[in-house]
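Chemist: Residue numbers (the working numbering), protein chains in the order written: chain Z, 1 to 206; chain B, 1001 to 1228. Using N, Cα and C, we set each Cβ at its ideal position, and we do this for glycine too.
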Amino acid sequence: MSANHTRAPTGAALRVKALEALLEDKGMVDPAAIDRIIDLYENKIGPRNGARVVAKAWTDAAFRKRLLADATAAVAELGYGGPEGGHLVAVENTARVHNLVVCTLCSCYPWPVLGLPPMWYKSFAYRSRAVRDPRGLLKEFGLEIPERVEVRVWDSSAEQRYMVIPRRPAGTAAMSEQELAALVTRDSMIGTAVIAPPSHKAFARS
Amino acid sequence: MNGIHDMGGMDGFGPVMREEHEPVFHSRWEARLFGLLAACRRTGNADEFRHAIERIPAPRHLNSSYYERWLDALQILLIEKGMLSRDELLARGADPPIPAQAPMRLKPMPPRRARARFRPGDPIVARNLNPAGHTRLPRYVRGKRGVVRRDWGIYAFPDTNAHGGGERPQHVYSVAFKARELWGASAASRDWVYIDLWEDYLQAAAPRSSASARRRRIAAVNRRASKR
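#1: With H, G and I counted as helix, E and B as strand and the rest as coil, what does DSSP make of residue 1151 of chain B?
#2: Under 9 Å between the Cβ atoms of residue 88 of chain Z and residue 72 of chain Z?
#3: On a Cα-Cα basis, can you pick out the residue from Z:30, Z:145 and Z:49 that is closest to residue 235 of chain Z?
#4: Give the straight-line distance between the Cα atoms of residue 94 of chain Z and residue 166 of chain Z, rounded to the nearest whole angstrom.
#5: For a test of the three-state rule: what should DSSP assign to residue 178 of chain Z, helix, strand or coil?
#6: Quick one: residues in its chain with C-beta nearer than 8 Å to the C-beta of residue 1078 of chain B, no 5 flanking neighbours on either side, listed in chain order?
#7: From the beta carbon of residue 155 of chain Z, is the nearest beta carbon of chain B less than 9 Å away?
#8: Suppose only complete runs of 3+ residues qualify. What are the beta strand (DSSP E) ranges in the stretch 1137-1188 of chain B, listed by chain order?
#9: Residues of chain Z with CB closer than 8 Å to the CB of residue 1006 of chain B, please, in chain order.
#10: Just mark residue 102 of chain Z as buried or exposed, buried being the case when its beta carbon has 16 or more other beta carbons within 10 Å.
#11: Should the stretch 1143-1156 of chain B be regarded as contacting the stretch 1170-1188 of chain B, the criterion being three or more beta carbon pairs within less than 8 Å?
#12: Kindly list the residues whose CB is nearer than 8 Å to the CB of residue 1112 of chain B, restricted to its own chain and excluding five residues on each side of it in sequence; keep chain order.
#13: Could you check the C-alpha separation between residue 46 of chain Z and residue 1129 of chain B for me, to the nearest Å?
#14: Could you check if residue 1056 of chain B is buried or exposed, using at least 16 other CB atoms within 10 Å of its CB as the buried criterion?
#15: At which residues does the alpha helix (DSSP H) containing residue 1059 of chain B begin and terminate?
#16: Output yes or no for whether 9 Å exceeds the beta carbon distance between residue 155 of chain Z and residue 1193 of chain B.
#17: Using the Cα positions of residue 112 of chain Z and residue 161 of chain Z, report the straight-line distance between them to the nearest angstrom.
#18: Less than 9 Å between CB atoms is the rule here; does residue 1241 of chain B satisfy it with respect to chain Z?
#19: Helix, strand or coil for residue 43 of chain Z? Go by DSSP, reduced to three states.
#20: Count the other CB atoms, across all protein chains shown, that sit within 10 Å of the CB of residue 117 of chain Z; report buried if there are 16 or more and exposed otherwise.
#21: Alpha helix (DSSP H) containing residue 194 of chain Z: first to last residue?
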């Protein structure tokens, strides 16, 4: 882990405490509202939401069509929406195109369907390399994209927030929507992983 | 600004380090800070916040964790907007505030016409703009040729919105750049980078002439020369 990611300097905790206390004194923030927001992102909003969206797109052709046309409206059908989700875009992997999402300028990410981004997505290494050497980067993630397949990198520079619809793995025709959702990993919805057939459990981790 | 945050295409940050079973927050102060920012809506718009992160001095920016940068940005904005004073923070035992670059203030800019200047399929060149303030036009696309793929509709313009210059609403387009246009021959010939760009970042480009059109033009020039 590079130094700039997990190091928690002693000063930060103190500074946050001071800020929170001051803003609370001034009536600018309600600590209970902070508790609710933390609970939301730690326990309710996360990649399981996106996995449900993907599984539904795999099993419901009309939903898939609506999702690709207007992802914001389509995921709202499942009850998902909110901050960083006002302009969602779903991009679909096919036999010819592999999509990869990045935000080179900061850390834009589709919160309502994927939750808050992992550290690596916000890291300088990922942000700097995804647009220039996506294939080399993906190799480090254990993913080799064949030369005949186009790699399409989405740099989230405006209000659009992207999620990848991974390809449905072979051997899943008999699976229910719920079983399919269990196969869908966070990384497959960013584009740094694909979903292996269910027998290859090693690849199906988040 | 041509800040350290504009990282697309840079080298030197090493491999991407991943963490198994990563928690949403790595410590309670990160969670409190995240909640604080979400709950306290009076610190300005997202463009101002992003620009506050960009204004953190580059060495400090690089040596801070993600949420440490958020913390700096929040503190910068609260002090600049007069919602908190340095003395109040110091009295609570917090570190002295960050010597960030002062914010640039713009006079309100006239709104843009709402009619879209570009349509899907149009060839464009990303302008070579180097504004002193906030921008969402990364260096790696400036001066490069691309193709408009989609019109996303009308959005506030970050370059003015971060600086009190108004929203200057205008169309944002999904613009596709060939990887080789951006990175040269070492990039894979099939690959593309799609990026969302505001209309003010773009100028129309003449369609690139095909090889056959070029051959026809050269043949016509040669014919004229031989007649002379």
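Modeler: Let me lay it out:
#1: Three-state result, residue 1151 of chain B: strand.
#2: Yes, Cβ-Cβ distance for residue 88 of chain Z and residue 72 of chain Z is below 9 Å.
#3: A question about residue 235 of chain Z goes unanswered here, because the residues of chain Z that appear run from 1 up to 206.
#4: Just so you know, the alpha carbons of residue 94 of chain Z and residue 166 of chain Z end up roughly 8 Å apart.
#5: Note: residue 178 of chain Z maps to helix in three-state DSSP.
#6: Around residue 1078 of chain B, the same chain offers 1043 and 1084 as residues with beta carbons nearer than 8 Å, after the five sequence neighbours per side are excluded.
#7: Judged by the 9 Å Cβ criterion, residue 155 of chain Z is in contact with chain B.
#8: Listed in chain order, they are 1145-1155 and 1170-1178.
#9: Within chain Z, the residues 104 and 105 have their CB atoms less than 8 Å from the CB of residue 1006 of chain B, given in chain order.
#10: Residue 102 of chain Z should be labelled buried.
#11: Pairwise C-beta distances place the stretch 1143-1156 of chain B in contact with the stretch 1170-1188 of chain B, as three or more of them are shorter than 8 Å.
#12: Answer for residue 1112 of chain B: 1157, 1168, 1169, 1170, 1199 and 1200, listed in chain order.
#13: Taking the straight line joining both Cα atoms gives about 37 Å.
#14: Burial of residue 1056 of chain B is indicated by the presence of at least 16 other C-beta atoms within 10 angstroms of its C-beta.
#15: It spans 1058-1063 - the alpha helix (DSSP H) in which residue 1059 of chain B sits, taken as one unbroken run.
#16: Yes, Cβ-Cβ distance for residue 155 of chain Z and residue 1193 of chain B is below 9 Å.
#17: Going by the C-alpha atoms only, they are around 10 Å apart.
#18: Residue 1241 of chain B is absent from the structure shown; chain B starts at 1001 and stops at 1228.
#19: Here residue 43 of chain Z sits in helix by DSSP.
#20: Residue 117 of chain Z is buried by the Cβ-count criterion.
#21: According to the DSSP assignment, residue 194 of chain Z belongs to no alpha helix (DSSP H), since it is labelled neither H nor E.
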